[in-house]
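Participant: Residue numbers (the working numbering): 43 to 350. Ideal placement from N, C-alpha and C gives every residue a C-beta, glycine not left out. None of the values given here were measured: they were computed from a predicted structure. Got a structure for you, written out below as structure tokens; questions coming shortly.
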């Protein structure tokens, strides 16, 4: 079979035009095809030079991240997408007689390597793996963002929209805005006072960067940075912090509605779930030890008048 020579960019345009796709899908296809084009240019090759050995080498280097912008090994989902798109392109090349049939057998051998399972997935952290004192006595904004993720279930996008006037230290709650709806969520009083001490006077956005409100990505980085130093390697993101709160609350006897009311605050059906009261939230705080040796476990402390 005589192969027809044609520039790779023209082949890409013909292939994409043959089956119109959505804009976001079109961009993803272009990205994958550009990686293949860079690989061929680095070896001074063209589509007519493609063979099984070249495709095998390209995939082996792609698995290592050589042709990705970050130069880091891509995730399994990214590799699956690359394999799916490039396999379809190679099949089209063969059908249009721009490549030998042996390319199909080479592409069929592409495999996504198994990545080691992260520690956070292998074994779920126990409720005691992250000391709660670190999520109460925060000393910087990274810790404050992580604490709010834990105690309120706030997403990075909600934290980015958090304004100074929406943190109420006196009544120990924070007002979060999501999809234009503002909801009050109880927080521990020590955390409320810590937030007030960290926020600069007349500062509009709690986690601002300069004069502009922060982005959700910047808030996710704040949380990940703090957890990298304090999370013990098991709690690594805002999402895992919410899961950690759920396990801790379940261990303390909270009902599923109470947990959902604190973390999710949905109002999908009447009556809407609401955040538990500060008194109920206090059941999750570390219990302070009573110093007096005269008191036994379960015995109430008495005031000067002898009344409880």
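Following the continuous beta strand (DSSP E) through residue 226, name the residue where it begins and the one where it ends.
Facilitator: As a working note, residue 226 is residue 184 in the chain shown. Residues 223–228.
Participant: Residue 187 and residue 201 look like a contact to me (Cβ under 8 Å); what is the Cβ gap, rounded to whole Å?
Facilitator: Counting from 1 along the chain shown, the entry for residue 187 is found at position 145. Counting from 1 along the chain shown, the entry for residue 201 is found at position 159. Right, the Cβ-Cβ distance comes to about 5 Å (below 8 Å), so this counts as a contact.
Participant: What is the DSSP secondary structure of residue 140, reduced to helix, strand or coil?
Facilitator: Residue mapping note: residue 140 aligns to position 98 of the chain shown, counting from 1. Coil.
Participant: Check each candidate in 151, 219, 189 and name the one with the smallest Cα separation from residue 235.
Facilitator: Taking the first residue of the chain shown as position 1, residue 235 is located at position 193. It is 189 whose Cα lies nearest to the Cα of residue 235.
Participant: Rank 136, 135, 223, 71 by C-alpha distance to the C-alpha of residue 122 and give the top, closest one.
Facilitator: Residue numbering aside, residue 122 sits at position 80 when the chain shown is read from its first letter. Ranking 136, 135, 223, 71 by Cα distance to residue 122 puts 71 first.
Participant: Residue 299 lies in the alpha helix (DSSP H); which residues open and close that run?
Facilitator: The sequence position of residue 299 within the chain shown is 257, counting from 1. Note, residue 299: alpha helix (DSSP H), 298–305.
Participant: I need the DSSP call for residue 54, collapsed to helix, strand or coil.
Facilitator: Within the chain shown, numbered from 1, the residue matching residue 54 stands at position 12. It is helical.
Participant: In three-state terms, what does DSSP make of residue 179?
Facilitator: Numbered from its first residue, the chain shown carries residue 179 at position 137. It is coil, neither helix nor strand.
Participant: Go through its chain and collect everything with a Cβ distance to residue 301's Cβ below 6 Å, but skip five positions before and after it.
Facilitator: Along the chain shown, read from residue 1 onward, the residue named residue 301 stands at position 259. These residues qualify, in order along the chain: 288, 291.
Participant: Excluding the five sequence neighbours on either side, which residues of its own chain have a C-beta within less than 6 Å of the C-beta of residue 176, listed in chain order?
Facilitator: Locating residue 176 in the chain shown gives position 134, counting from the first residue. Once the five neighbours on either side are set aside, the close Cβ partners of residue 176 are 272.
Participant: In terms of residues, what are the limits of the alpha helix (DSSP H) holding residue 208?
Facilitator: In the chain shown, counting from the first residue as 1, residue 208 sits at position 166. Unbroken run through residue 208: none, as it is neither H nor E.
Participant: In whole angstroms, give me the CA-to-CA distance for residue 269 and residue 74.
Facilitator: Start at 1 with the first residue of the chain shown, and residue 269 comes out as number 227. Start at 1 with the first residue of the chain shown, and residue 74 comes out as number 32. Residue 269 and residue 74: Cα-Cα distance of roughly 33 Å.
Participant: Cβ atoms of residue 241 and residue 277: under 8 Å apart, would you say?
Facilitator: Counting from 1 along the chain shown, the entry for residue 277 is found at position 235. Counting from 1 along the chain shown, the entry for residue 241 is found at position 199. Not in contact: residue 277 and residue 241 (Cβ atoms no closer than 8 Å).
Participant: Less than 7 Å between C-beta atoms, sequence neighbours within five positions excluded: which residues of the same chain meet that for residue 229?
Facilitator: Numbered from 1 along the chain shown, position 187 holds the residue referred to as residue 229. Answer for residue 229: 193, 194, 214, 215, 216, listed in chain order.
Participant: With a Cβ-Cβ cutoff of 8 Å, do residue 94 and residue 135 count as a contact?
Facilitator: By one-based count along the chain shown, residue 94 stands at place 52. By one-based count along the chain shown, residue 135 stands at place 93. In this structure, residue 135 does not lie closer than 8 Å to residue 94 by Cβ.
Participant: If you follow the alpha helix (DSSP H) that residue 248 is part of, which residue opens it and which one closes it?
Facilitator: Position 206 of the chain shown, counted from the start, is the residue given in the question as residue 248. It is not in any alpha helix (DSSP H) - residue 248 carries neither H nor E in the DSSP assignment.
Participant: Use the C-beta contact count for residue 245: other C-beta atoms within 10 angstroms, 16 or more gives buried, fewer gives exposed.
Facilitator: Position 203 of the chain shown, counted from the start, is the residue given in the question as residue 245. That one is exposed.
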